[in-house]
Each structure stands twice: as C-alpha cells, then as structure tokens.
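Notes follow the structure.
Residue numbers (the UniProt record's numbering), protein chains in the order written: chain A, 1 to 397; chain B, 1 to 379.
This is the structure in structure tokens:
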C-alpha cells in the first residue's frame, strides 16, 4: 500500500495546474466571482477548451476518446479542477448517456453520438423521473408503442435538469405494460426538437430555473434510437445510475467548499475576532473536514482498491449518502457564517444590474444555495433508497 | 402549576386563527409578497381595527387587551402557522415592549398609535460587523443642543420599507463594544438624512439597509436613560426571541402536519410512503421537536419577568432548543416530500425558508448555548 503520489503523478499534477492557469477563460472566472448565473454558453466554453486538448472524457475508454489516465490521474484531475473553481461540466452526456452508448449501443449509435458528446455539439438531458414515481423509478408510466419502424411516445417526465437547453434526451419508457415492473422498460434517445415535446420550467426554492417538466405527446421516435434490447432498458438504467452516484460524491468540490467556508469565517467577525476563532464554529468545520477525509479515502479505496475494475457497484450508494450529506452541511455552515446577511434575496442579480449587492459578496448565494442543495439527498435515488440498496445488496438483509 | 390558557387568551387565538384562515391562504400570501410593496396593508388595518389584535399585550388604559408576553406568544404562533409577514414582532413585541418598559409620555403617545395600526415600527439594531452582539455598535448619536445627531449603518432591518418609525440602537458614548454608552431611540422613519436601500428577504418579507447621515433627532426620541440602554435592549430582545420561538412553533407544526398529510397520500412501491418505518420514526422525531419547541417557548415566556440572569438563561435555553428543532423539522419535511418539496409551488418549502431564518434570528444555536453556559455553568 502506498498513499503518496509517484513522481509521474506529481509531474501530471503540475501539467494540469499549468494548463488550467493558462487556459481557463478569465471572463468566465469573473462571472463566477461575481456570483452571476451561468448560461449555456458559459458551460460550453470550458467544455470546448477541454475537448480541443483531448481531456474532455477522462473516464471513457481510450478507443472512444478517453484519456487513458490512471485512477490516480483522474483523481488529480478532479482535485485540480475543483481547486481552481472550474465550472462544472454537464454530466448528462459525458458521465451518463455516453458510457451507456459505448457500453450498450449499436456501432451506428456509437459513431453518431459519441463524437458529438465529446465535442459538446449536443446538450443532453435525462428523462428518468416521473410525477408520482420519484425514487421508485420502475413505476414509470411513459409509454412507447411500436408503429412500423418507430415508437409513439406519450407521458410526462419531471426534474429534468437544464432541459431548456437540451438537444437530445435519454428517456426510460415502458414498452411492455404486461411485464413485471422492471422488465418492460426500454432506453430511448429522443431528439428534443421532435414535434410533441413541451418543456415547462419548475422554479426551485432558491429561485433558480434548473429543472423542468417534459411533456411527450405522440412523439415519434425511430426504433434505431433505442439503446440495447427492447424491454431491457433497466439494465442501462442501473448501469447509468451507479455512474451518476459516484459522480455526486463530489469530494473535490466539497474540499474546495471547505476552503471557501473557512475564508468566510476568517472574514466574518464574532466579537472582534474572526468567526473561525469561535470554538463551536471551528469544531463544526473540523468535524466536516474529518468526515470529508473519511469519504475521500473511502472513494479512493473503491477507485483504486482490489475491486477497482469491477465498475461502480452498490458501494457507490455509500459515497452518494455521505457525499450529499457533506455537501449540505457545507451550505449550512456558509449560511450560518454570514449571519444576518443570509436574509437579503436577489433574483437574477447580475443581468443589467449595476447596483452593488447587499452585504459581503460571499453572502448573496448562501441561503439560496442552502435551499437548493437540499436536493442532493433526494436526487439520483434518495438517501433512504440508497440505504435500502446497501441493506439489501451489501448486508444481505 | 397551571398550563391552561384563560378564556381571553383562547378568544385571542380563535379570533386570529379564524381571521387568518379567511384572509391568509398560501396563494393570497404569494400574491401580495410578490407585489411591488410586498404586503397587503388591509390585513394590518384589519388586525388592528377589526380584531383589536395589535393591542394584545398592552394595558387597557392605552386601549389594549391587558395581556403581556403570553398573548404575544399566542399571536406569534398563529402568525407562524400561515407564515405571515405582518410586522407584529418589531412593532408590537419589540417597540411596544420598549415603550411599556419606559412608560410615561412616550408610551402614552405611541402605544395608542400602535394599537390603532397607524404606526409600523422597524427595529434597526444589527450592524454588519456585530453578528449577534447587541453592544457591538458603530452607529453613533452625538448630543447636539436639546437633541442628537445620528450617524451609522444598520443592516437587514426587517419591515423597514413599510415603517413609519424606526427603533434604533446607537452609541452615545464608550468604545464600540462597551456595555456602557448604548442608547435606544424611537424616531420618525422619514427624517432627512435617512437613506434606505430596500430588498426582499429569502423568507418572503422585506428589509432594508439603513444609512443615517447626520440625522437630527429630538431629545425626547431617547427611550430610557442615555448611555444605560443596554439592559433595556437585552430585555426587549429576549422578549422578541421567545416571540420568534412561538412563531417557530407554529411554523414547525405546519411543517409536521404537511408532511404527515403528504406521506399518507403519496404512494411509492405500491403503498403510501407513511407505511415505511424509517419515515414513521422520522415523523415521530419531528413531532417530538414540535412539542419540545412548544414547551420551551412557554417556559421562556413565563420566565421573562425574572431577574436578568435567570431570564437570559431561560430564553437562551428556549432559543437553542427551538433553533435545532426548526432545523430538524424543516430539513426533514423537505427530505420527506422529495423533489416537490424544493419547488416554489408547494407551501412546505416556504415554511422551510422561514424556519431556516428563525434559526439564526436573534442568535444561533451556538450563540445561545454559549450564553446559557456563561450564565449557568460559570465556575
């Protein structure tokens, strides 16, 4: 066993740092520093830079455009991008549907979609959740009925993140109503510009338009856009969810988040001393750091341990539960740290608004982020469901 | 021992609950909090003139109902149940409390205006550098002839955009954290030199940053003694603190009820999710927090009249417990609702937002545990 980086790893770390320093767009950094809302173009700007460099899909196999990095290098990569506050890459193409397509797709699907995911030409969204199903994903009711070479799709999806920007969506639909719940489901790739698709915004507690309802009314989808066998879509769904869960442990981002909380607590005063000198607050920060270290090393063990090549399994539920709880505690500490200045609320600040916001810069988003991040223990299979998975799959209960 | 309410107290609760049931449903609230002014002034007028509710804690000779802190708690709990934004706390509880404590001509002049609903008073006490320390003041009031000249910046003053008057803490002497040299003033909100920047708050109310730029105020604006105001300010803030505990009790009760109702309707895996043991236990834990919040609110309220140290220990115990409870009940209400809980569409999220702001209002859990320890565990 060895927890130290090798000289090669350290050299790689230097290379990554330098690349980010030289290539991360300054105007994007300014927008982030001002707490402005990010546009589709902002997300794509960094994506395209990484694509050009060949670093857009570290987790993919080399033959499909991956980097061939070792797990340690991938770990360094996520550490360094988080440390530099790089804007997040949209996971829907790169981390979710991409791996499904290269694992289960036809040669035609691979040839068509994978290069477009890598280049950022297509923005993807996920059509999994439905009203009334939530974490009971297999109860979905959207139907796809065969009609010649096509399917006719009808139903309603919800919590569809950033679907307002999407060119394509990957949808779970029911192709056999008679089969047992998980056996009559298929995995379809649907052009979001197809006639019959309506996207409606859902505004969340922090005031953001991040998620949507998607209505599908007699949407015609070629059967050639079905991934894997008919009625076997659950296999793709489970594969994808396990990938999603690993991603949302968010260790590197939380490490950066702790640094930000500390920076706030060094600036905010509590009786003429920095808040970070307050024994209670300091203890909470320290406990969070310890819990994050436990999550980090658990993740590293699952990435680089003896089961490393088995792909994400039920242990990813542990990473999701602990990672999401830590993300929430971070937002809780930020809100606590800003005191009274958690209360002012500005929606859409930044667009055509020259007035300086109320209170310190780091306070604007503290409460909206706290409210928004309640989602982390709900999405991707709620933490209650994740505990059920561990109970059943790991503990055999 | 007697934990029953009097007939008058029951009447106050019932009257108010009926009125709010008729006028303050969630959709109506959303409509006026999203309007330009952020409020419906008719509600305040009705609370004053139709219900006489703004007189709840005031003496009959001022036109009040003859109540006190318990009556305030009853009103605040009912306001919490509908997440009302009405400025009862700063106007009646805080400014009213200060006027009752001071008495005399100032009380005779202002209390009837409060009761009539013609005065709305915002409490300008917090400063950007001060966190929850009431003596940490950079705002100054310098003697100038018979009056004072006020300079400084007050942050996040709830209800200030609607206020006719401001209750302001300022330093008439001493260094910026000294206990001595703190004074309390009740001034007209529209005096020359008062600059306000108004904004909405995350919990649906309105607030302002207020800048005093050489504001000339009359000598009789001073409430209580010059430079010796801190004990009075601590007392009224303690009264305000248990009042928000009462509000929190109402908010938490609704969060819990809403969650119970939802879990009985919402089905997953073919059964109402209320059948899952993990959720049952969680809702039991929420229930226990609501009941303990109610108990601690009553305890804190009944101990408001004790000597300062006992009062402060009781209030801090109540607020610390309620802050944790509000956090627990709010977060678990959202978690149990799932995705729909974090949208603007359902009331539950708006209750959660108010519960979250109450956690920090007049001091966080840590702040109050620290104050409690300093008083009760000093060696």
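All C-beta atoms, glycine included, are put in the ideal place defined by N, C-alpha and C.
Since we're looking at a predicted model, the values are computed, not measured.
Open item on the list: Three or more C-beta pairs under 8 Å: does that hold for the region 297–311 of chain B against the region 333–349 of chain B?
Closed with: With the cut-off at 8 Å, the region 297–311 of chain B and the region 333–349 of chain B do not touch.
Open item on the list: Assuming residue 117 (chain A) and residue 28 (chain A) are in contact, meaning their beta carbons sit under 8 Å apart, how far apart are those beta carbons, in whole angstroms?
Closed with: Contact flag wrong, Cβ pair sits at about 21 Å.
TODO: Using a Cβ-Cβ cut-off of less than 7 Å, give me the residues of the region 330–342 of chain A that come near chain B, in sequence order.
DONE: Residues passing the 7 Å Cβ filter: 336, 339, 340, 341, 342.
- [ ] State the beta-bridge partners of residue 152 (chain B) as determined by DSSP.
- [x] Beta-bridge partners of residue 152 (chain B) (DSSP): B:212.
Task: Residue-chain proximity (residue 205 (chain A), chain B), Cβ-Cβ < 8 Å - done: Output row for residue 205 (chain A): interface = yes.
TODO: Would you kindly check if the distance between the Cβ of residue 344 (chain A) and the Cβ of residue 156 (chain B) is under 8 Å?
DONE: When the beta-carbon positions are compared, residue 156 (chain B) and residue 344 (chain A) come within less than 8 Å of each other.
- [ ] Pick helix, strand or coil for residue 4 (chain B), following the three-state DSSP scheme.
- [x] Shown here, residue 4 (chain B) sits in coil according to DSSP, grouped into three states, outside any helix or strand.
Open item on the list: Our contact map puts residue 381 (chain A) next to residue 363 (chain A) with C-beta atoms below 8 Å; I'd like the distance itself, whole angstroms only.
Closed with: The Cβ separation is near 33 Å, so there is no contact.
- [ ] Say whether chain B places a C-beta atom closer than 8 Å to the C-beta of residue 371 (chain A).
- [x] At a cut-off of 8 Å between C-beta atoms, residue 371 (chain A) counts as an interface residue with respect to chain B.
TODO: Give the secondary structure of residue 82 (chain B) by DSSP, where H, G and I count as helix, E and B as strand, and everything else as coil.
DONE: Reduced to three states, the DSSP call for residue 82 (chain B) is coil.
TODO: Out of B:219, B:250, B:248, B:283, state which residue places its alpha-carbon closest to the alpha-carbon of residue 262 (chain B).
DONE: Nearest to residue 262 (chain B) by C-alpha distance, out of B:219, B:250, B:248, B:283, is B:283.
TODO: For residue 364 (chain B), return the contacting residues in chain A, with the cut-off set at a CB-CB distance below 7 Å.
DONE: Here the neighbours are 336.
Task: CB contact check: residue 367 (chain A) to chain B, cutoff 8 Å - done: For residue 367 (chain A), the answer is yes, since a Cβ of chain B falls inside 8 Å of its Cβ.
Open item on the list: Measuring straight from C-alpha to C-alpha, what distance separates residue 181 (chain B) and residue 173 (chain B)?
Closed with: Across the structure, residue 181 (chain B) and residue 173 (chain B) are spaced so that their CA atoms are roughly 4 Å apart.
Task: Residues in the region 119–142 of chain A having any Cβ partner in chain C nearer than 8 Å - done: Of the protein chains in the structure, A and B, none is chain C.
- [ ] To the nearest angstrom, report how far apart residue 54 (chain B) and residue 220 (chain B) are at their CA atoms.
- [x] Those two C-alpha atoms are separated by around 24 Å.
Open item on the list: Quick check for students: name the residue ranges of the alpha helix (DSSP H) that lie wholly in the region 267–355 of chain B, counting only runs of 4 or more.
Closed with: You should have 277–302, 308–337.
Task: Interfacial residues, the region 278–305 of chain B to chain A, with Cβ spacing under 7 Å - done: Legend: CB atoms of the region 278–305 of chain B lying less than 7 Å from CB atoms of chain A belong to residues 278.
TODO: Along the beta strand (DSSP E) that carries residue 143 (chain B), what are the first and last residues, could you check?
DONE: Taken as a continuous stretch (DSSP letters only), the beta strand (DSSP E) holding residue 143 (chain B) covers 140–144.
Task: Partners in chain B for residue 254 (chain A), counting only beta-carbon separations shorter than 9 Å - done: Within chain B, no residue comes near residue 254 (chain A); the closest Cβ sits about 18 Å away, beyond 9 Å.
Task: Proximity winner among A:377, A:180, A:147, A:337, relative to residue 361 (chain A) (alpha-carbon distances) - done: Ranking A:377, A:180, A:147, A:337 by Cα distance to residue 361 (chain A) puts A:337 first.
Open item on the list: Can you look up residue 201 (chain B) in the DSSP assignment and give me helix, strand or coil?
Closed with: Residue 201 (chain B) falls in the strand class under three-state DSSP.
Task: Sequence-distant residues of its chain with Cβ nearer than 6 Å to residue 159 (chain A) (five each side left out) - done: Leaving aside the five residues that flank residue 159 (chain A) on each side, the residues in its chain whose CB is nearer than 6 Å to its CB run, in chain order, 129, 211.
- [ ] Could you check what DSSP says for residue 397 (chain A) in three-state terms: helix, strand or coil?
- [x] If DSSP states are grouped into helix, strand and coil, residue 397 (chain A) belongs with coil.
Open item on the list: Quick check on DSSP: helix, strand or coil for residue 140 (chain A)?
Closed with: Correct three-state label for residue 140 (chain A): coil.
Open item on the list: So, at 7 Å on beta carbons, what are the nonlocal neighbours of residue 256 (chain A) in its own chain, with the 5 sequence-adjacent residues on each side left out?
Closed with: Only 82, 83, 85 meet the Cβ criterion.
Task: Under 8 Å by beta carbon: chain A residues contacting residue 39 (chain B) - done: Here the premise fails: no neighbours, minimum Cβ distance about 16 Å.
Open item on the list: Our contact map puts residue 151 (chain A) next to residue 223 (chain A) with C-beta atoms below 8 Å; I'd like the distance itself, whole angstroms only.
Closed with: Going by Cβ atoms, the distance from residue 151 (chain A) to residue 223 (chain A) rounds to 6 Å, so yes, they are a contact pair.
TODO: Can you tell me the Cβ-Cβ gap for residue 250 (chain A) and residue 327 (chain A), rounded? I've got them flagged as a contact below 8 Å.
DONE: Going by Cβ atoms, the distance from residue 250 (chain A) to residue 327 (chain A) rounds to 6 Å, so yes, they are a contact pair.
Task: CA-to-CA distance, residue 167 (chain A) to residue 112 (chain A), given in whole angstroms - done: Approximately 14 Å, taken between the alpha carbons.
TODO: Determine contact between the region 246–261 of chain B and the region 318–337 of chain B, defined as no fewer than three beta-carbon pairs at a distance below 8 Å.
DONE: Cβ pair count under 8 Å is three or more, so yes.
Open item on the list: Below 8 Å, how does it come out for the region 306–316 of chain B and the region 357–375 of chain B: are there three or more Cβ pairs, yes or no?
Closed with: The region 306–316 of chain B, when compared against the region 357–375 of chain B, does touch it at the 8 Å Cβ threshold.
Task: Cross-chain neighbours of residue 354 (chain B) in chain A, by beta carbon under 7 Å - done: Against chain A, a Cβ distance below 7 Å from residue 354 (chain B) picks out nothing, because the smallest value is about 11 Å.
- [ ] Rank B:14, B:27, B:64 by C-alpha distance to the C-alpha of residue 345 (chain B) and give the top, closest one.
- [x] Distance check between residue 345 (chain B) and each of B:14, B:27, B:64 places B:27 closest, using alpha-carbon atoms only.
- [ ] For the region 144–162 of chain A, enumerate the residues whose C-beta is nearer than 8 Å to any C-beta of chain B, in chain order.
- [x] From the region 144–162 of chain A, only 158, 159 have a Cβ closer than 8 Å to chain B.
Open item on the list: Contact criterion: CB-CB distance below 8 Å. Does residue 264 (chain A) meet it with respect to chain B?
Closed with: So no, residue 264 (chain A) is outside the interface.
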